[in-house]
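Below: the structure, in structure tokens.
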Amino acid sequence: MPASIHSRMHGQDWLLLLLLSLIWGRSFFFNKVALRGLPFLTVMTLRMSLVAIALWIVVFARGIHPIRSLQVWGAHLVAAGDPGHGNVSLRHRQALSL
């Protein structure tokens, strides 16, 4: 929790916001391009795989110890496999007959 919250944004804050908007906006563009030539599930799998690799790099670079309990990993896998709570929208679930 930050010690204080500034009511004004400074130059660095604006630059970070601009960087975030560029990254976020480009992802929509690249998704649109990728979905023209690849199936939805392929694009989604590639995106999730790239993010997982990036997060594991961050975990190891920061020296964070990953969870070693198989019970906890199992609970995460069950939750991730539930189509009602996953990253698949209702429209895509209907199209995929899930």
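Under the numbering used here, the sequence shown has 35 at position 39, and the numbering climbs by one with no breaks. For every residue, glycine included, the Cβ atom is placed at its ideal position computed from N, Cα and C.
Min CB distance residue i to chain C below 8 Å
{"i": "L42", "result": "The structure shown contains no chain C; it holds only a single protein chain."}
Beta-carbon proximity check, residue i vs residue j, cutoff 8 Å
{"i": "W69", "j": "I60", "result": "no"}
{"i": "A50", "j": "V39", "result": "no"}
Buried or exposed (CB count within 10 angstroms, at least 16 for buried), residue i
{"i": "L16", "result": "exposed"}
{"i": "F26", "result": "exposed"}
Boundaries (first-last residue) of the alpha helix (DSSP H) holding residue i
{"i": "I19", "result": "G7 to G33"}
{"i": "I53", "result": "F36 to A57"}
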